[in-house]
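Numbering (this note's numbering), first residue to last: 12 to 449. All C-beta atoms, glycine included, are put in the ideal place defined by N, C-alpha and C.
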Ligand SMILES: Cc1cc2nc3c(=O)[nH]c(=O)nc-3n(C[C@H](O)[C@H](O)[C@H](O)COP(=O)(O)OP(=O)(O)OC[C@H]3O[C@@H](n4cnc5c(N)ncnc54)[C@H](O)[C@@H]3O)c2cc1C
C-alpha cells in the first residue's frame with residue numbers, strides 16, 4: 012500500500028480531510044471534478060462551495076450544531092477556523108462570506124506541500140492507495156457506480172423527497188394531541204390542529220415562500236414520484252385539506268370536534284425523541300421552512316433536526332457498511348466522509364471529514380483509532396450513522412442523539428443543553444489530552 016491518500020471530492024468533507032492529512036505529513040491526491048464537470052447545484056470552481064445557505068447554523072454551544080463547531084475548533088478544523096475568519100453578522104449563527112470562505116480554503120490547500128490537486132472526475136478507486144470518498148450528495152454517476160461495486164447494489168441509497176424532523180421536546184404539548192386517524196393504532200401520531208384563520212395564514216405563507224433552485228430535468232423526475240407540499244398547495248386553496256392536512260378521522264379531545272386542518276407528526280426514532288412531519292416533503296429554502304412551519308400550532312418553537320429536501324442525495328447505508336472509524340468493513344483502506352455517509356449538513360460534513368482523516372492517519376501510523384463517544388456532538392453523529400439500525404435516514408447534529416445526562420432530568424431546555432455542552436467539552440478536552448495527534 013502506497014503511503015499516500017486519494018481524497019475524492021474537494022467539498023466540505025474532502026477539503027477538511029485533505030488538510031488534516033497533509034498537515035500531519037501525509038501525501039494527498041485531492042480529486043475535484045469541477046469546473047470540468049459540474050454537479051446540479053455547484054456553480055463555481057472553488058473548493059468547499061456552500062451550495063445553498065451561507066449559514067453554518069448556530070454558533071452557540073447550547074445548540075448541537077454550535078457544540079459541534081466548538082468541538083471542531085478544539086480539534087483544529089481548518090474549515091471552522093476559516094469560517095470564523097470570514098464570518099458576516101448573523102446574530103447567533105455562524106454565517107460566512109461565501110466567496111471568501113471558499114477562496115481561502117482553496118488557496119490554503121493549493122499551497123500545501125503535501126497536496127496534489129487533480130482536476131478530474133475520479134471513476135475508479137485505486138487499489139494500492141488509501142482512499143477517502145467525500146464526493147457528496149451529488150456524487151458523479153461514475154463514482155456512484157464504483158461505490159456500488161464496493162458496497163453491493165443494495166447499499167447505495169438515493170432519496171428524493173424528505174420531510175422535516177423536529178424534536179419532541181420542542182413541541183408545545185398544550186396545543187397538540189396524540190391520536191391515530193379513526194383511532195386505529197395506539198394514538199401514536201401527534202396532531203397539530205388548525206382553525207380556518209390559522210390555516211389561511213399558513214397557506215398564504217406556504218405558497219409565497221422561497222424555494223430552492225432545482226433543474227427542470229430533476230424536477231420532472233423527482234416531483235412525479237413525490238410532490239412537495241408547497242407545490243400541492245398551489246393547485247388550490249383546499250387541496251391540502253384533502254391531502255397532508257386532512258382533518259378526517261380525527262377528533263380534537265379539547266373541543267371534541269373535528270379541526271379545520273391537522274398536521275400530523277410521526278415518531279421517527281426508536282426512543283421517541285424525534286418526529287417527522289407527515290407528507291411535508293418540501294423544496295423550500297431551509298430558513299423558509301423554519302419560518303413557515305413554525306406557524307403551525309404547537310410548532311412555534313420547533314427545533315428542526317433535519318430540514319426537508321427534494322434533490323438527489325447519494326448516501327451509503329453506513330449503519331451496515333462502516334466501522335466506527337468511518338472505514339468500510341469489507342475494504343478497510345477505504346474511508347467515507349461527508350454527506351455520503353448519511354450525515355446531514357455543512358458542519359457534520361466537516362466533522363466526518365476531520366474524523367475520517369485522523370483515523371486514517373492513525374491507521375497509517377499504526378496508532379489506535381480515535382473514536383469519540385456520544386457524549387460529544389461529533390461522537391454522537393458518528394455513532395448514529397455507524398450503529399446498526401433499520402430504515403436508516405440521514406441526520407444532522409442534534410441533542411436527541413447525544414447521551415442523556417445522568418440523574419434527575421433538568422426540565423429547563425436551555426439549562427439542560429448547556430449542561431450537555433459543558434459535559435461534552437470537558438470530555439473532549441480530556442480525550443485530547445490523552446492523545447497527541449492534535
Ligand atoms: C441542493 C442542496 C442544498 C443544501 N443546502 C444546505 C444548507 O443550506 N445547509 C446545510 O447545512 N447543508 C445543506 N446541504 C447538505 C450538505 O451539507 C451539503 O451538500 C454539503 O456540501 C455536503 O458536503 P460534502 O463534502 O459531503 O459534499 P460536497 O460539498 O458536495 O462536496 C463533494 C465534492 O465532490 C465533487 N465530486 C463529486 N463526484 C466526484 C468525482 N467522481 N470525482 C471528483 N470529484 C467529485 C463535487 O464536485 C464536490 O465538490 C444541501 C445539499 C444540497 C444537495
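Tell me whether the beta-carbon of residue 169 lies closer than 8 Å to the beta-carbon of residue 363.
Note that the C-beta distance between residue 169 and residue 363 is not below 8 Å.
Looking only at DSSP bridge pairs, what is residue 203 linked to? Residue 203 pairs with 274.
Open item on the list: Taking 7 Å as the cut-off, is the beta-carbon of residue 103 closer than that to any non-hydrogen atom of ligand 1?
Closed with: No, ligand 1 has no heavy atom inside 7 Å of this Cβ.
Report all residues from its chain with a CB closer than 7 Å to the CB of residue 301; omit the five preceding and five following residues, and keep chain order.
The answer, listed in chain order, is 315.
The segment 201–213 / the segment 269–279 touching (three or more Cβ pairs under 8 Å)
For the pair of segments examined, the segment 201–213 was found to touch the segment 269–279: the number of CB pairs separated by less than 8 Å reaches three.
Just to confirm, does residue 371 get its C-beta within under 7 Å of one of the non-hydrogen atoms of ligand 1?
No, ligand 1 has no heavy atom inside 7 Å of this Cβ.
> Counting along the chain, where does the alpha helix (DSSP H) carrying residue 436 start and finish?
Replying inline: Start and end: 424–445.
- prompt: Taking DSSP as the reference, what is the three-state secondary structure of residue 318?
  reply: It is coil, neither helix nor strand.
In chain order, what residues of the same chain lie with their CB nearer than 6 Å to the CB of residue 436, ignoring the 5 residues before and after it? The beta carbon of residue 436 sits closer than 6 Å to none of the beta carbons in its chain outside the five residues before and after it.
To the nearest angstrom, how far is it from the Cα of residue 59 to the Cα of residue 337?
Rounded to the nearest whole angstrom, the C-alpha separation of residue 59 and residue 337 is 20 Å.
_Of the residues 154, 239 and 276, the one placed nearest residue 11, counting alpha carbons only_ = Since the first residue of the chain shown is 12 and the last is 449, residue 11 is not available in this structure.
Check your understanding: For residue 176, which beta-bridge partners are listed by DSSP?
Key -> Listed as beta-bridge partners of residue 176 by DSSP are 287 and 317.
If we define contact as Cβ-Cβ less than 8 Å, is residue 189 a contact residue for chain C?
Among the chains in the structure shown there is no chain C, since it carries only a single protein chain.
**Message:** I'd like to confirm something about residue 50: is its beta-carbon nearer than 7 Å to some heavy atom of ligand 1, or not?
**Reply:** Checking every heavy atom of ligand 1 against the Cβ of residue 50, one is found closer than 7 Å.
How is the beta strand (DSSP E) around residue 104 delimited, first residue to last? Note, residue 104: beta strand (DSSP E), 104–107.
message = Considering only their Cβ atoms, is the gap separating residue 44 from residue 4 smaller than 8 Å?
response = Lying before the first or after the last residue shown, residue 4 is absent from the chain, which here runs from 12 to 449.
Check your understanding: Should residue 70 be labelled buried (16 or more other beta-carbon atoms within 10 Å of its own) or exposed?
Key -> Here residue 70 is buried. Its C-beta has 16 or more other C-beta atoms within 10 Å.
Short of 7 Å in beta carbon distance, which residues of its chain neighbour residue 398, apart from the five on each side in sequence? Order them along the chain.
These residues qualify, in order along the chain: 330.
Residue of 415, 190, 200 and 143 minimising C-alpha distance to residue 349:
Looking at the Cα atoms, 143 is the closest of the given residues.
*With residue 411 and residue 284 assumed to form a contact (beta carbons below 8 Å), what rounded beta-carbon distance in angstroms separates them?*
Sure, about 4 Å apart at Cβ, within 8 Å.
Run the CB neighbour count on residue 212, radius 10 Å, all protein chains shown included, and call it buried at 16 or more, exposed below.
Residue 212 should be labelled exposed.
Task: Supposed close pair residue 83, residue 361 - CB separation, criterion 8 Å - done: So it is a contact: roughly 6 Å between Cβ atoms.
Once DSSP output is grouped into helix, strand and coil, what is the label at residue 19? For residue 19, the secondary structure class from DSSP, reduced to helix, strand or coil, is strand.
Quiz prompt | Length of the line joining the Cα atoms of residue 332 and residue 149 | solution = Their backbone Cα atoms lie some 20 Å apart in a straight line.
(request) Mark residue 62 as exposed unless 16 or more other C-beta atoms lie within 10 angstroms of its C-beta, in which case mark it buried. (result) Counting Cβ neighbours within 10 Å, residue 62 comes out buried, since at least 16 surround it.
| field | Proximity of residue 80 and residue 91 at Cβ, strictly below 8 Å | value | Judged by their CB atoms, residue 80 and residue 91 are nearer to each other than the 8 Å cut-off.
As an exercise, report each continuous alpha helix (DSSP H) stretch of at least 4 residues that is fully enclosed by the segment 378–422, in chain order. As far as the segment 378–422 is concerned, its whole alpha helix (DSSP H) runs of at least 4 residues are 388–397.
Who does residue 338 pair with in a DSSP beta bridge?
When DSSP reads this structure, residue 338 sits in a beta bridge with 346.
Proximity below 8 Å, CB of residue 416 to CB of residue 425: The criterion of a C-beta distance shorter than 8 Å is not satisfied by residue 416 and residue 425.
Q) If you drop the 5 nearest sequence neighbours on each side, which residues of the same chain put their C-beta closer than 8 Å to that of residue 15? A) The beta carbon of residue 15 sits closer than 8 Å to the beta carbons of 37, 38, 39, 40, 140 and 141 from its chain, once the five residues preceding and following it are set aside; these are given in chain order.
Among all the DSSP beta bridges, which residues are the ones paired with residue 141?
-> Beta-bridge pairing links residue 141 to 16.
- Query: Based on Cα-Cα distance, which residue from 223, 290, 403 and 311 lies nearest to residue 252?
  - Reply: For residue 252, the closest of 223, 290, 403 and 311 by C-alpha to C-alpha distance is 290.
Taking C-beta to C-beta, are residue 120 and residue 29 nearer than 8 Å? Taking a C-beta distance under 8 Å as the contact criterion, residue 120 and residue 29 qualify as a contact pair.
Check: Does DSSP put residue 153 in a helix, a strand or coil?
Finding: Residue state for residue 153 is assigned as helix, using DSSP reduced to three classes.
Residue 69: beta carbon under 7 Å from a heavy atom of ligand 1? False, no ligand heavy atom lies under 7 Å from that Cβ.
What is the residue span of the alpha helix (DSSP H) that residue 90 lies within? 89–96 is the span of the alpha helix (DSSP H), which, as asked, contains residue 90.
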